[in-house]
Amino acid sequence: NAGVTQTPKFRVLKTGQSMTLLCAQDMNHEYMYWYRQDPGMGLRLIHYSVGEGTTAKGEVPDGYNVSRLKKQNFLLGLESAAPSQTSVYFCASSYVSGISYGYTFGSGTRLTVV
Amino acid sequence: ILNVEQSPQSLHVQEGDSTNFTCSFPSSNFYALHWYRWETAKSPEALFVMTLNGDEKKKGRISATLNTKEGYSYLYIKGSQPEDSATYLCALSPLSGGGADGLTFGKGTHLIIQP
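In structure tokens form, the structure reads like this:
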């Protein structure tokens with residue numbers, strides 16, 4: 022059972038380049054989330070989705086876009102990467118009652134923007 | 002944005018000793034409180050989810066309590082083992098909306114068990 026799979030695991034971008042991070046889950050979860058982890062800070066929510074075709078902004082959405090065209094996939098896009106977006110990105114998913122069962126996290130994508 | 006504070010930031014404990022740490026948040030009866038264990042080079046793993054004031058949950062040597070009226074949760078580890086070394090994350094979600102809006106995480110407590 023794969024759970025939540027993130028690709029790629031590592032990436033180095035030049036300032037201004039674009040890229041898409043893919044999150045795929047095979048648990049039929051309704052809710053999916055993108056977080057970023059920076060030194061000295063807690064995980065911060067970038068965007069989230071409560072179902073196929075829906076997305077919403079989290080705490081730190083600027084500079085990112087997302088899409089949820091299929092229930093199992095949640096894509097995070099950086100249109101013009103900036104050094105401030107150097108971070109470790111985590112995808113998570115949950116059942117509708119995520120408050121009861123908790124989130125399942127992917128293994129993270131380490132992104133460096135130079 | 003909810004304010005979730007965890008203390009201490011880091012903790013060194015001798016193998017075999019018991020320990021506990023704290024998660025503090027604005028007092029309210031309407032939160033779900035999550036604890037996650039995050040081992041180095043792995044992804045966060047759910048330990049407990051608690052929603053009721055007075056909730057107590059236990060998994061092996063690890064247990065947690067919740068006091069929503071005073072705004073804190075404790076995580077206890079009994080008889081610490083080297084495999085307990087990890088960062089322990091606390092996260093909060095308002096119960097309204099079914100938790101769809103995501104969790105607000107604390108910065109974590111980094112626990113190191115010394116043999």
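Those protein sequences? They're chains A and B, same order as listed. Take 22 as the starting number for the first sequence in my numbering and just add one per residue. Take 2 as the starting number for the second sequence in my numbering and just add one per residue. Even glycine gets a Cβ: it sits at the ideal position worked out from N, Cα and C.
| Asked | Found |
| --- | --- |
| Unbroken beta strand (DSSP E) run spanning MET51(B), endpoints | 46-51 |
| Outcome for VAL50(B) when other beta-carbon atoms lying within 10 angstroms are tallied against a minimum of 16 | buried |
| Contact with chain A by SER44(B), beta-carbon distance below 8 angstroms | yes |
| Within-8 angstroms CB hit, PHE22(B) to chain A | no |
| ALA23(A) to THR133(A) span [Cα, whole Å] | 26 angstroms |
| DSSP three-state assignment for TYR122(A), whether helix, strand or coil | helix |
| Stretch pair the segment 14-26 of chain B + the segment 43-58 of chain A: three plus CB contacts closer than 8 angstroms | no |
| TYR77(B) to HIS111(B) span [Cα, whole Å] | 14 angstroms |
| contact_flag[the segment 35-42 of chain B, the segment 73-91 of chain B] where n(CB pairs < 8 angstroms) is 3 or more | yes |
| LYS70(B) versus ILE113(B), TYR32(B), LEU96(B), GLN115(B), residue with shortest Cα-Cα distance | TYR32(B) |
| Where PRO116(B) falls: helix, strand or coil (DSSP) | coil |
| Nearest-angstrom Cβ-Cβ length linking ASN4(B) and PRO27(B), presumed shorter than 8 angstroms | 6 angstroms |
| Selection from LEU66(A), GLY84(A), ARG65(A), PHE95(A) that minimises the alpha carbon distance to ALA103(A) | GLY84(A) |
| Residues of the segment 59-71 of chain A with Cβ closer than 8 angstroms to any Cβ of chain B, in chain order | GLY61, MET62, GLY63, LEU64, ARG65, LEU66, TYR69, VAL71 |
| Any C-beta of chain A under 8 angstroms from that of ALA87(B) | no |
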